[in-house]
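Below is one structure, written out as structure tokens; comments come after it.
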Amino acid sequence: MRKYSVFAVAREALRGHKGWGPHWASPEPRKEYDAIIIGGGGHGLGAAYYLAKEHGITNVAVLEKGWIGGGNTGRNTTIIRSNYLYEESMDIYEHSLKLWENLSQDLNYNVMYSPRGVMMLSHNIHDQQSFKRHINANRLYGIDNEWLTPEQAKAYCPPLDIAKTARYPINGAALQRRGGTARHDAVAWGYARAASDRGVHIIQNCEVTGIRRDETGRVVGVDTNRGYIGAKKVGISAAGHSSVLMQMADVRVPLQSQPLQALVSEPLKPIFPCVVMSNSVHAYISQSDKGEFVIGAGTDQYNSYSQTGGLQIITHTLDAICELFPMFRRVKMMRQWGGIVDVTQDRSPIQGVTPVPGLYLNAGWGTGGFKATPGSAHLFAHLIAKGEPHRLAAGLTLERFRTGRLIDEAAAAAVAH
Amino acid sequence: MADQVTASRKAALTARGGSAEAILTPAPAATRISLRAGADALPALSAALGVTLPTRPKTSASSGQRHALWIGPDEWLVFDEGEADLMAAAASSGTLHSAVDISHRNVAVIVSGPGVDVAINSGCPQDLSLPIFPVGACSRTIFGKAEIILFRTAEDQFRVECWRSFSPFVFGLLSEGAADAGH
Amino acid sequence: MMGANRIPGVGRLTPARTARFTFDGRTLTALEGDTVASALLANGIHLVGRSFKYHRPRGILSAGAEEPNALIDVSRDAARRQPNVRATVQEVFDGMKVESQNRWPSLAFDVGGFNDLLSPFFAAGFYYKTFMWPKAAWHAIYEPFIRRAAGLGVAPTEADPDHYASRYAHCDVLVIGAGVAGLSAALAAAKAGAKVIICDEQPEVGGALRYESGTTIDGKDGWDWAQDTAKALAAMDNVTLLTRTTGFGYYNHNFVGLVERVTDHLAALDKSLPRERLWQVRAKKVILANGQIERHMVFANNDRPGIMLASAGRTYLNHFGVAVGSKVGVYTAHDSAYEAAFDLKRAGVSVPVIVDCRENPGEAVLSEARKLGIEVLTGHSVIKAGGKLRVNSISVARNGGGSARKIAVDALLVSAGWTPSVHLFSQSRGKVKFDAATQRFLPGTYLQDCLSIGACNGTDDLQATIDEALAAGELTARAAGAEGGAQVALSGENRFGWTGGMIGAAEGAGPDTTVKAFIDFQHDVCAKDIRLAVREGMHSIEHIKRFTTNGMASDQGKLSNMHGLAIAAEALGKDIPQVGLTTFRQPYTPVTFGAIVNHSRGPLFDPARKTPMHAWEEAHGAEFEDVGNWKRAWFYPRSGEGMHEAVARECKTVRDVAGVFDASTLGKIEVVGPDAAQFLNLMYTNAWDNLKPGRCRYGIMLRDDGFVYDDGVVGRLAEDRFHVTTTTGGAPRVMNHMEDYLQTEFPHLKVWLTSTTEQWAVIAVQGPKAREIIAPLVEGIDLSNEAFPHMSVAEGKICGVPTRLFRMSFTGELGFEVNVPADYGQAVWEAIWARAESMGACAYGTETMHVLRAEKGYIIVGQDTDGTLTPDDAGLSWAVSKKKPDFVGIRGLKRPDLVKDDRKQLVGLLTKDPKVVLEEGAQIVADPNQPKPMTMLGHVTSSYWSENCGRSIALAMVAGGRARLGQTLYVPMTDRTIAVEVSDMVFFDKEGGRLHG
Amino acid sequence: MLLIYCPYCEEERSELEFRGAGDAHIARPENIADITDEEFEEYFFLRQNPKGLIFERWRHIHGCGRFFNAARDTVSDRFYTTYKAGEPKPDISDILQSEQNKGAAK
Ligand SMILES: Cc1cc2nc3c(=O)[nH]c(=O)nc-3n(C[C@H](O)[C@H](O)[C@H](O)COP(=O)(O)OP(=O)(O)OC[C@H]3O[C@@H](n4cnc5c(N)ncnc54)[C@H](O)[C@@H]3O)c2cc1C
Ligand SMILES: NC(=O)c1ccc[n+]([C@@H]2O[C@H](COP(=O)([O-])OP(=O)(O)OC[C@H]3O[C@@H](n4cnc5c(N)ncnc54)[C@H](O)[C@@H]3O)[C@@H](O)[C@H]2O)c1
Ligand SMILES: Cc1cc2nc3c(=O)[nH]c(=O)nc-3n(C[C@H](O)[C@H](O)[C@H](O)COP(=O)(O)O)c2cc1C
Ligand SMILES: [Zn+2]
């Protein structure tokens, strides 16, 4: 693999950039792989990378029905943070955040992780109690998260309106300074490039249509629109489509697929320094390095695989944005879109073995799994390689829905992203 | 029992508003019940209430000051523009039903003028054209972020009912809609 | 005066009606009806902006909504400033201020222009490959640097003073676009009796007729026919004609968003008018008649100011009377551009050459060119444009090589052909299909109930367009149920039938070159960037888009998408349809947030629900807190008091004397019917059949998974009538939850639910003197302990009005909750208050209520529970019936994890230092000296200073908490570690005697 | 924004008046207190989440207040039919057939 560096760029600049090769190879699928990962999002590509890098398993293919990163990895608002409440969540999200901090160097690909701070606005006493619960838990767990007064919040994010006369005045905020954003597409491409470099096959336009098992019930391979491909192990990491794939192995999972929408404004000169989320008024916003405001909206209330949603969902979010930032009323929406998120009842992910031997599941990241990409991928690789979960993901099993040991981040805080 | 004055009412809405296209007037106090019953109880209830409970969706029946609005297949809003005791009337039917006094729960605004539909459509997604929403039609629906009941009392007049604490919001949004209806 | 380049007698504007505006401080004169673009061009100004990345000088490229370049900042006053306005659609008004963007210190001399020199380094995607070392420098240096360079316009910095309006509308037929096609279709539909809405983004109808000369329809000049037709339509009762109105979003089930610009073109701001109006239209049928967009030619330096689309040059001439240059060249791959040359020539403008890259253009246009004496170079291409701030020459060469001839021009009109606007069709999730013959994507499979007609459907011939439009209008009207009479027939004729077109890079910008041949002007994407992306392994058009950002600017690739696709297809060695298009998304053109949210702001953002006593509370100095949508009185500070003092006083007064509290926001549901008790048996964990009329009981409601969902006191008014209360925030969801079970699981039960939250104002009177306070006001209820013990309910009168009087307590004191019909709330409150005040009682708010209930160990669902607690965890197992065969949650409760004994349980906490008040949300550990990550046992859910206990008190969720009574645990804070002792949850009046006082 | 035909109001209304309520035809077990953990998981958590035809519940919450059922395609978001609560699952193949005929006629 050609190493990327400022020198390489300079050299290429002088010869019309003719010397760059493809980021990743596009080979024909082999007859069989040691492991197949279904889903070429950040989680799947990352898992393949870590299988190769950390477990020496390189006879691996990532099968993607469309183009890599074209799922939720390519359509999310890129918020990264680790200030979750429960230990199971803190474990994996903080593991992930630590990986983010070195990811560009690790991949030799600038994923533009930008720790500009994620600020969650508190509007009432209930918010305050909940945020302080998080802040205290995070602190004792070794995760940064701090309480800001309204004035401190305004100093950190000058466009904020902290007037007491607002419909829902701001009574404080929780700030995770290490939280921030990253360039979503680069995450997929960076992992794909690094995985491909280690021998992983990245196979696009390859839709899995069936999961084959032998008479013992063990997975032996997958059917695809490009034919049958054998596999000793199969990992499903297909976000909104995970339940569709699990159905192919006759397993029902506690997942619902719903459209989640986002939008960008037209590009503007930098004015918005950090990420702001408000759960009470349902809005989150940041400004990309290119200048557009990236604004997250809500999910539609029905299941759908259509990647589109209703105008009222966007309206609801912009209502809140304009209430928090009255000066943005004259800003314009440039594009809106949707992704299909796979939501569990406790709003926490599922990563673990399935009732089918050799079949592993990583799903349920719902509205908030971009931030988890490196961490989840890293632990998913461990699961596939060893056949049992890593300590840091041990609580995320499917089993919890039977036993009742839910990890209800939503109930505890109702902060989703 | 000490001697004392009787408590007086204080309405949630008092001021008028709107525009020439859509005048907004808070409706005077009325007595109201939320009436629930199965089909078999309807004749007796209608007789007791003095108004025939409508059974077709989106329709109403009126008799003098008394109105019965179809809200759902077993639900009516019955109101009397005077002070009649609707609870007692319903009870006298002797049938199986549920009547709950909501006289104070709801507040009504009368919207009238040539731009009524435009004013209401500022926040209500229903089709208010006359063929679809004729005089006498009624429906529970949504108005911005509040639930309302619409009752068309004339070609150019609606009665808009909402819950008491939502009435400033409903009145405020109607005012903006009424202002825009002129343009 | 009205601009040197205005040609007298040409165009449709009235010379006498002028408007003055400033451009970068320079005062200019325009004509009424001018766009900023036409006015600037009339004044000879082509240079209007700088590009995003390279800061290249940029001019006006189009005359419509597709404009990628001419983005300006427009203001009326400081607060009414709008960045990124397309100069080509913004109409000039007198007094308007226009500033160019993305340049410093000036438009002509822009330091950022240095980037253009560095451009070899800034190839597509370069930033992924660098800026990684040293690691810390990314966040400290590189990223801030990149960010500063980002963006085009400057965001507004003041709150928007304008307002916006909204209308939901319904129609039989919605027609989007009012060119020949749209107008004809609307006319046919309207004549058939359908209810029609027709909109066009332009200030006037007519579409292509704005520039098309020599078109006749119905025997009239095309433009005149369009205006007459618009008048006729506007006069019809069943038609709404909206100009300056863009159909921006086609959503599910024929729901279409339109945005109407109402005041942005007016000199005198009428404050009663909304700036913009959002139309949310639900149409039975939609007719898409939104035309087509001309493409530019892709060649070296094709972005120089003065180079523009041929149809734009023609529009500026024929509509605005402006010649875009004095020596105007034409470079085309399509016949239509010839007509621009003809019109200019006839108007007296020099047209030195028409360069046509095709060998065989249409014969009709060639002969006309000959007639007019215009040199035509077929089989030639412009391989480079000269000039920097404005084009001054073109280098023309025979295709396939040969020496270049330099021709002096001061403007160049280009056309690579036309792209049908399938944006809205695609938004409707219809599938396009590629028409190989004409090299364009056309509507293929429809998903929604719409029809495309005219240019956006690939129909070229005018008569065919008209016929198709009339048929569509008639058909959709009939299908929507219209039964009217008149059929419409129209005839139309163009001067020339057009052919031709090309997509992709032109001669001289091919794969072997490194010239800057722009495809996406706003994002500075060149043909070579697309090829680089392919070389780097970006084989999907979606990857190419994201790697190069082609089509991702505010014009969303209206000009660039097809070129990008063709260049990519060539580089990939694939056919165009194999490569495919990127997804068209809403909005068609950018839409102001203000228009989308319209009335929602301040009090109309979200209803602020206020109780009947709110005005009194406000007048008596209450501070309020938000609970859901409600504004609740929080505490009543007296002069000099802070929150702490006020709450301490209120707490003390309630227990010593009494207090009056507004509890109106509690949810109330009336449950009526013979099976009411049976229904409540299923909804609550407790048993209800044995509750006597006149008595109340505290109930817990679970979800089927066994977790506490809500709680409240339920009073039985009669055998078949219960008055249920819920938490304030829980009221709507509890109602929905109950309806859900009633309607779908237990429909056989004869019972009905009615929300009565707002029927009743609720005044809680609590404290030793509570009875004394209310007794004289109450009629018909014996308030004695014997007749009306704790947990009783009765109906009677208070202050002469009906009341439902509860004897209950959330403070642990003798207490009553007086329910009166809401309109009486304030008067009854005042009567109670008059007595209460005279006896030394106080009014208290939610904070005091919280403290008092915590002193008694009463929980608040949502604060002390969080959706993960079972009744047992909350110490409420006594309220769970062991005998009932069923209730919602009965099975969930028994799951293995819900019956473990190390679960978190609610307990009391007493700080060792009674003066220290714990932080709500603080975490609890057994060993404060353990390293991080620490093992946490739970957290503080409620914590207060208790004036009545003379110390702090707290409730907490603690793992295995009840087994830890008496244990010392720790609460590590940033500045100190607080030692606490686990206690039971009752801190005051443990025996509970006061309740029965 | 969807347009939903309420079988009680007998009219199409905007989605804004409705509240989605998850899968239809999932009956709460009569003997719920006695079912196994697996059966409870099945009842409360596990869903088909189909890509294609779904049977789902809606409540006309800001209208007639009734819960009812719908058959909808989760890819196109098209409603095939809606029907009253308690009515059996309709046979969608008929509807699909007639839909197709309609499509052809267009
Ligand atoms: C609008 C929006 C905003 C969001 N905002 C945030 C945020 O701010 N922060 C955050 O942390 N998270 C956010 N998320 C969530 C986040 O995007 C996802 O959790 C995360 O990207 C999931 O990554 P993934 O790799 O698991 O899935 P994906 O990127 O969706 O990848 C799954 C892949 O599987 C492929 N696939 C599916 N079926 C098959 C098949 N049969 N055969 C082959 N391939 C198949 C898909 O094509 C897809 O590419 C947001 C999501 C959305 C939609
Ligand atoms: N001479 C020829 O051979 C030839 C060939 C093709 C077309 N033409 C000409 O092109 C024209 C085609 O007519 P047409 O009616 O199909 O197209 P048109 O371009 O004349 O009209 C389209 C209209 O839609 C409007 N529009 C576009 N997008 C919109 C949106 N999102 N919201 C609101 N409005 C929007 C535009 O402002 C425009 O007025 C005719 O005048 C025809 O003569 C001529
Ligand atoms: C963080 C982020 C920023 C984006 N910025 C832009 C942008 O500047 N311009 C643009 O056209 N689209 C932007 N998009 C949206 C994409 O164009 C696209 O809509 C999204 O990836 C979903 O893909 P789809 O619309 O092709 O389905 C952005 C998306 C994300 C996730
Ligand atoms: Zn209904």
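So the protein lines, in turn, are chains A, B, C and D.
Under our numbering, the first residue of the first sequence is numbered 106, with each subsequent residue one higher.
Under our numbering, the first residue of the second sequence is numbered 12, with each subsequent residue one higher.
Under our numbering, the first residue of the third sequence is numbered 220, with each subsequent residue one higher.
Under our numbering, the first residue of the fourth sequence is numbered -8, with each subsequent residue one higher.
Beta carbons are placed, not taken as given, at the ideal position from N, Cα and C, and that holds for glycine.
Model, not experiment: these values are computed from the prediction.
Cα-Cα separation, residue i to residue j
i       : j       : result
C/E755  : C/F333  : 27 Å
A/V399  : A/K476  : 16 Å
C/G1044 : C/T1022 : 10 Å
C/P1090 : A/P132  : 58 Å
C/M1058 : C/P995  : 13 Å
B/G83   : B/T66   : 9 Å
D/A96   : C/L694  : Residue confidence for D/A96 is low, a pLDDT of 41 falling below 50, so the modelled location carries little weight; the figure read from the coordinates is stated next. So the alpha carbons of these two residues sit roughly 12 Å apart.
C/R225  : C/L536  : 8 Å
A/H522  : A/T502  : Bear in mind that a pLDDT of 44 at A/H522, under 50, signals an unreliable position, so the number given afterwards is only what the model happens to contain. Roughly 21 Å separates the two Cα atoms.
C/V1012 : C/R914  : 6 Å
C/L461  : A/I308  : 50 Å
C/R239  : C/A531  : 23 Å
A/V520  : A/K437  : Any reading at A/V520 must be qualified, since the residue scores a pLDDT of 42, below 50, and its modelled position is unreliable; the value itself is stated next. Distance between the alpha carbons of A/V520 and A/K437 is about 26 Å.
Boundaries (first-last residue) of the alpha helix (DSSP H) holding residue i
i       : result
B/S178  : S178 to A192
C/M920  : Segment C915 to L921 is the beta strand (DSSP E) holding C/M920; no alpha helix (DSSP H) there.
C/W1048 : G1044 to S1057
C/K871  : M862 to D875
Any non-hydrogen atom of ligand 3 within 7 Å of residue i CB
i      : result
A/A367 : yes
A/W442 : yes
heavy atom of ligand 1 below 7 Å from residue i C-beta
i      : result
A/V448 : no
Spatial neighbours of residue i in its chain, beta-carbon cut-off 6 Å, leaving aside the 5 residues before and after
i     : result
B/S57 : T63 and L64
Beta-carbon contacts of residue i that lie in its chain and below 8 Å, excluding the five residues immediately before and after
i       : result
C/M1155 : Q1142, I1143 and V1144
A/A293  : G145, G146, G147, L150, I173, G174, T178 and G179
C/M220  : Low confidence applies here, because C/M220 scores a pLDDT of 45, under 50, leaving its location unreliable; read the following figure in that light. Answer for C/M220: T237 and T248, listed in chain order.
Span of the beta strand (DSSP E), counted from its first residue to its last, around residue i
i      : result
B/W174 : Q168 to W174
A/L168 : V165 to L168
Residues near residue i by beta carbon distance below 7 Å, same chain, minus five either side
i      : result
A/P264 : I376, F377, F430 and M432
Residue i Cβ short of 7 Å to ligand 4 heavy atom set
i      : result
C/H782 : no
Any non-hydrogen atom of ligand 2 closer than 7 Å to residue i Cβ
i     : result
D/Y71 : no
Near ligand 5: residue i beta-carbon under 7 Å from a heavy atom
i      : result
C/L452 : Of the ligands this structure carries, namely ligand 1, ligand 2, ligand 3 and ligand 4, none is ligand 5.
Exercise for review: Determine, using beta-carbon pairs with one atom in the segment 490 to 510 of chain C and one in the segment 247 to 264 of chain C, whether at least three such pairs fall under 8 Å.
Suggested key: The segment 490 to 510 of chain C is not in contact with the segment 247 to 264 of chain C.
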